[in-house]
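**Q**
2 protein chains.
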Amino acid sequence: MTARRAPGSSRKVVDHRTRVGRERRARTQSRIVAAALQVYAEQGPDAPVIEDFIRAAGVARGTFYNYFKSTSALFEATAKWLEEDMIVSIETEIGRTKDPIERLTNGVRLWLLRASSDPAWCSFVVRNRRRSALVEQTLAGDLRGGRRKGVFSYPSIDVARDMTVGTVLEAMRRMMHGRVPSTYIDDVTRIVLQGLGLSNAAIDAMLSRPLPALQRPVQRVP
Amino acid sequence: MTARRAPGSSRKVVDHRTRVGRERRARTQSRIVAAALQVYAEQGPDAPVIEDFIRAAGVARGTFYNYFKSTSALFEATAKWLEEDMIVSIETEIGRTKDPIERLTNGVRLWLLRASSDPAWCSFVVRNRRRSALVEQTLAGDLRGGRRKGVFSYPSIDVARDMTVGTVLEAMRRMMHGRVPSTYIDDVTRIVLQGLGLSNAAIDAMLSRPLPALQRPVQRVP
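So, in structure tokens, the structure goes:
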């Protein structure tokens with residue numbers, strides 16, 4: 029551990045190279061994921077093999093494996109990308125809302141609305157086992173905020189998260205496999221809010237507020 | 029549609045043959061599923077190919093396809109078998125309990141207790157996309173019963189079911205991927221009951237009752 033730090037000037041060069049390298053990596057990764065979306069749209073989630081992704085992205089096999097260990101890692105990255113894109117769209121609308129209860133209410137409604145109108149997106153999210161970090165952080169922030177305000181009441185943040193995520197995922201599974209009544213999305217939101225300890229009157233007040241429409245275009249499965 | 033019914037005596041022979049045939053089918057199916065459990069235990073849920081199952085069950089390839097269209101159909105049947113076996117064990121304990129709220133409370137607790145103590149069983153159930161008919165019927169009966177008693181309150185039976193099943197599945201996923209605090213199972217049950225409209229006092233009363241232990245031996249993944 030006697031290696032010296034590089035002096036200022038050459039260190040800047042190294043930093044610059046690192047940054048450029050990182051940006052190039054991110055671009056290549058995005059290109060592979062975008063190509064993968066196309067492949068999944070054509071063949072479904074299980075049929076494609078690694079050659080399909082390599083051909084669509086126009087990268088060498090070795091390059092592909094530099095970014096993704098397996099097709100299931102690629103699937104996970106693609107689903108994560110779609111999930112985070114949706115969170116960004118939701119935040120663009122409700123980001124100005126400070127009330128965590130209203131944020132969570134409209135977040136769940138907009139998420140389920142997207143799921144019901146975009147089955148391809150829905151099926152990506154449902155099949156992916158892990159939620160993206162952005163989903164987890166956003167949700168945890170609102171759950172904690174609602175409890176601080178004395179409105180949410182739950183045994184632990186983990187359990188509140190598991191009830192919210194689990195209910196939404198199960199609702200998405202139902203929407204994938206058949207039609208649901210027009211009240212379904214608000215009914216799911218209602219039972220989640222009840223699970224978080226809201227009274228009926230408070231839930232009615234929340235659900236009577238107009239739901240903002242998503243303005244930012246979302247990433248569609250082609 | 030002018031075919032005549034067979035007269036009494038020969039009809040009895042046909043009935044007998046049908047019954048014997050059905051029993052033989054059920055036996056063969058059970059044998060394939062039992063062999064499949066062994067294969068999954070050795071190789072995990074994704075690795076086995078159709079030859080592994082055929083060899084383990086000692087049946088011809090054609091016979092296998094008579095019973096299961098694909099390895100994923102076999103996986104589904106195996107998971108369903110494990111799920112229904114668990115419901116039978118739970119019913120053996122709580123079948124005498126008439127109160128639907130107590131039934132649901134202890135059903136959820138026993139289910140999660142099994143999941144935490146038997147990771148192989150847990151992973152089968154979590155990976156299977158559909159719940160078995162026996163799970164659906166038992167749960168729907170208790171949800172309806174609790175509402176008739178004026179204790180449960182929910183927007184629709186579908187939404188109540190999706191919240192309960194979704195929360196339990198998400199809890200099982202968490203238990204599969206790491207340790208949970210000793211209070212976790214009761215905390216999950218608590219938030220489900222809160223979602224179904226129970227007051228804190230009613231939930232405390234429910235969770236303070238002793239949980240019966242499962243006496244009937246459950247089907248273990250070997």
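Order-wise, the sequence lines are chains A and B.
Heads up, the first sequence is in the working numbering, so the first residue is 29 and it goes up one at a time.
Heads up, the second sequence is in the working numbering, so the first residue is 29 and it goes up one at a time.
All C-beta atoms in this analysis are idealised placements derived from N, C-alpha and C, irrespective of residue type, glycine included.
Keep in mind it's a predicted model, so treat the numbers as computed, not measured.
Which residues bound the alpha helix (DSSP H) around P128 of chain A?
**A** Position 100 of the first sequence, counted from the start, is the residue given in the question as residue 128 of chain A. Segment P128 to S145, the alpha helix (DSSP H) holding P128 of chain A.
**Q** Below 8 Å on the Cβ atoms is my guess for R137 of chain A versus A168 of chain A; work out the distance and round it to an integer in Å.
**A** Within the first sequence, residue 137 of chain A is the residue found at index 109, counting from 1. Within the first sequence, residue 168 of chain A is the residue found at index 140, counting from 1. Not confirmed; about 19 Å, so no contact.
**Q** Is DSSP giving G123 of chain A helix, strand or coil here?
**A** Mapped onto the first sequence, residue 123 of chain A falls at position 95. It is coil, neither helix nor strand.
**Q** I need the straight-line Cα distance from T30 of chain A to C150 of chain A, nearest angstrom please.
**A** The residue labelled residue 30 of chain A in the question sits at position 2 within the first sequence. The residue labelled residue 150 of chain A in the question sits at position 122 within the first sequence. With a pLDDT of only 45 at T30 of chain A, under the threshold of 50, the placement of this residue in the model should not be trusted; the figure read from the coordinates follows. The alpha-carbon atoms of T30 of chain A and C150 of chain A are separated by roughly 53 Å.
**Q** According to DSSP, simplified to helix, strand and coil, what is G161 of chain A?
**A** Counting from one through the first sequence, the residue named residue 161 of chain A turns up at place 133. Sequence inspection shows Ala at residue 161 of chain A; the Gly mentioned does not correspond to that position. Three-state result, A161 of chain A: helix.
**Q** Starting from the C-beta of A105 of chain B, find all residues in its chain whose C-beta is less than 7 Å away, skip the five residues before and the five after it, and write them out in chain order.
**A** In the second sequence, the residue the question calls residue 105 of chain B occupies position 77. The residues are V61 and F96.
**Q** Please go through the same chain and pick out, in chain order, the residues whose beta-carbon is closer than 6 Å to the beta-carbon of R89 of chain B, but skip the five residues on each side of it.
**A** Mapped onto the second sequence, residue 89 of chain B falls at position 61. Only I82 meet the Cβ criterion.
**Q** Is Q66 of chain A helix, strand or coil by DSSP?
**A** Reading the first sequence from its first residue, position 38 is the one you call residue 66 of chain A. Looking at Q66 of chain A - three-state DSSP - the assignment turns out to be helix.
**Q** What's the C-alpha gap between Q57 of chain B and T46 of chain A?
**A** As a first step, residue 57 of chain B must be located in the second sequence, where it is residue number 29. As a first step, residue 46 of chain A must be located in the first sequence, where it is residue number 18. In a straight line, the C-alpha of Q57 of chain B is about 59 Å away from that of T46 of chain A.
**Q** Considering just the uninterrupted stretch of the alpha helix (DSSP H) at D214 of chain B, what are its terminal residues?
**A** Walking along the second sequence from the start, residue 214 of chain B turns up at place 186. Its alpha helix (DSSP H) spans residues Y212 to G223.
**Q** Report the rounded CA-to-CA distance for R52 of chain A versus V42 of chain A, giving the unit in angstroms.
**A** Taking the first residue of the first sequence as 1, we reach residue 52 of chain A at position 24. Taking the first residue of the first sequence as 1, we reach residue 42 of chain A at position 14. Looking at the two C-alpha atoms, the distance is approximately 15 Å.
**Q** 9 Å is my cut-off, CB to CB: does V42 of chain A come that close to chain B?
**A** Position 14 of the first sequence, counted from the start, is the residue given in the question as residue 42 of chain A. False, the Cβ-Cβ gap to chain B never drops below 9 Å.
**Q** Take L171 of chain A and list the residues in its own chain whose beta-carbon comes closer than 8 Å to its own, dropping the five residues that flank it on each side.
**A** One-based indexing of the first sequence puts residue 171 of chain A at position 143. Only P128, L132, F180, Y182, I185, A188, R189, T192 and L224 meet the Cβ criterion.
**Q** Quick one: does S184 of chain B have its CB under 9 Å from some CB of chain A?
**A** Taking the first residue of the second sequence as 1, we reach residue 184 of chain B at position 156. Yes, contact with chain A.
**Q** Out of A:D214, A:R218, A:R142 and A:L162, state which residue places its alpha-carbon closest to the alpha-carbon of R244 of chain A.
**A** Locating residue 244 of chain A in the first sequence gives position 216, counting from the first residue. Selected option, being the one with the closest Cα: A:R142.
**Q** Quick one: any contact between the stretch 210-226 of chain A and the stretch 197-213 of chain B, if contact means 3 or more CB pairs under 8 Å?
**A** Too few Cβ pairs lie closer than 8 Å, so no.
**Q** Expressed to the nearest angstrom, what Euclidean distance is found between the alpha-carbon atoms of G178 of chain A and E198 of chain A?
**A** For the purposes of this step, residue 178 of chain A is identified with residue 150 of the first sequence, where counting begins at 1. For the purposes of this step, residue 198 of chain A is identified with residue 170 of the first sequence, where counting begins at 1. Rounded to the nearest angstrom, the two C-alpha atoms are 28 Å apart.
**Q** Would you please verify whether the beta carbon of M114 of chain A is less than 9 Å from any beta carbon of chain B?
**A** Stepping through the first sequence from its first residue, residue 114 of chain A is reached at position 86. Closer than 9 Å: no.
**Q** Just to confirm my understanding: we take R201 of chain A, look at its own chain, exclude 5 residues before and 5 after, and list those with CB closer than 8 Å. What are they?
**A** Locating residue 201 of chain A in the first sequence gives position 173, counting from the first residue. Counting only Cβ-Cβ distances below 8 Å, and skipping sequence neighbours, we find V154.
**Q** Going along chain A, which residues have a C-beta under 8 Å from A188 of chain B?
**A** For the purposes of this step, residue 188 of chain B is taken as the residue at position 160 of the second sequence. Simply I219.
**Q** What residue range does the alpha helix (DSSP H) around S236 of chain B cover?
**A** Position 208 of the second sequence, counted from the start, is the residue given in the question as residue 236 of chain B. Start and end: N228 to S236.
**Q** Is S236 of chain A buried or exposed, if buried means 16 or more other CB atoms sit within 10 Å of its CB?
**A** By 1-based counting over the first sequence, the position of residue 236 of chain A is 208. Exposed, since its Cβ has fewer than 16 Cβ neighbours within 10 Å.
**Q** With 9 Å set as the bound, which would you pick, yes or no: does the beta-carbon of T30 of chain B sit closer than that to a beta-carbon of chain A?
**A** In the second sequence, residue 30 of chain B corresponds to position 2, counting from 1. With a pLDDT of only 45 at T30 of chain B, under 50, the local geometry of the prediction cannot be trusted, and no value is derived from it.
**Q** Report the three-state DSSP secondary structure of V77 of chain A (helix, strand or coil).
**A** In the first sequence, the residue the question calls residue 77 of chain A occupies position 49. It is coil, neither helix nor strand.
**Q** Can you tell me the Cα-Cα spacing of A230 of chain A and D215 of chain A, whole angstroms?
**A** Within the first sequence, the letter at position 202 stands for residue 230 of chain A. Within the first sequence, the letter at position 187 stands for residue 215 of chain A. When rounded, the distance between both Cα atoms is 14 Å.
**Q** If we define contact as Cβ-Cβ less than 9 Å, is G72 of chain A a contact residue for chain B?
**A** On the first sequence, position 44 is the one that residue 72 of chain A refers to. Answer no: the Cβ-Cβ gap between G72 of chain A and chain B never drops below 9 Å.
**Q** Grouping DSSP H, G and I as helix and E and B as strand, with all else coil, what is F96 of chain A?
**A** For this step, residue 96 of chain A is matched to residue 68 along the first sequence. Note: F96 of chain A maps to coil in three-state DSSP.
**Q** On the three-state DSSP scale, how would you describe F103 of chain A?
**A** Within the first sequence, the letter at position 75 stands for residue 103 of chain A. Note: F103 of chain A maps to helix in three-state DSSP.
**Q** L242 of chain A by DSSP, collapsed to three states: which one?
**A** On the first sequence, residue 242 of chain A is found 214 positions in, with the first residue counted as 1. L242 of chain A: coil per DSSP, three-state reduction.
**Q** Tell me which residues of the stretch 161-177 of chain B have at least one Cβ-Cβ distance to chain A shorter than 9 Å, keeping chain order.
**A** Cβ contacts with chain A come from no residue of the stretch 161-177 of chain B.
**Q** Taking DSSP as the reference, what is the three-state secondary structure of G72 of chain A?
**A** Locating residue 72 of chain A in the first sequence gives position 44, where the first residue counts as 1. Correct three-state label for G72 of chain A: coil.
**Q** Only counting the same chain, and skipping five residues up and downstream in sequence, which positions put a Cβ closer than 8 Å to that of T125 of chain A?
**A** Taking the first residue of the first sequence as position 1, residue 125 of chain A is located at position 97. Within the same chain, T125 of chain A has close Cβ partners R131 and N134.
**Q** Could you list which residues in chain B have their beta carbon closer than 7 Å to that of G223 of chain A, in chain order?
**A** Here residue 223 of chain A corresponds to residue number 195 of the first sequence, with the count starting at 1. In chain order: M191, I219, Q222 and G223.
**Q** Given G194 of chain B, which residues of its chain have a CB within under 7 Å of its CB, disregarding the five upstream and five downstream residues?
**A** By 1-based counting over the second sequence, the position of residue 194 of chain B is 166. Correct list: empty, nothing qualifies.
**Q** Tell me the residue span of the alpha helix (DSSP H) that contains V87 of chain B.
**A** As a first step, residue 87 of chain B must be located in the second sequence, where it is residue number 59. Segment: none, V87 of chain B is in no alpha helix (DSSP H) and carries neither H nor E.
**Q** Within the continuous alpha helix (DSSP H) that includes V187 of chain B, where are the two ends?
**A** Here residue 187 of chain B is taken as the residue at index 159 of the second sequence, counted from 1. That run of the alpha helix (DSSP H) goes I185 to H205.
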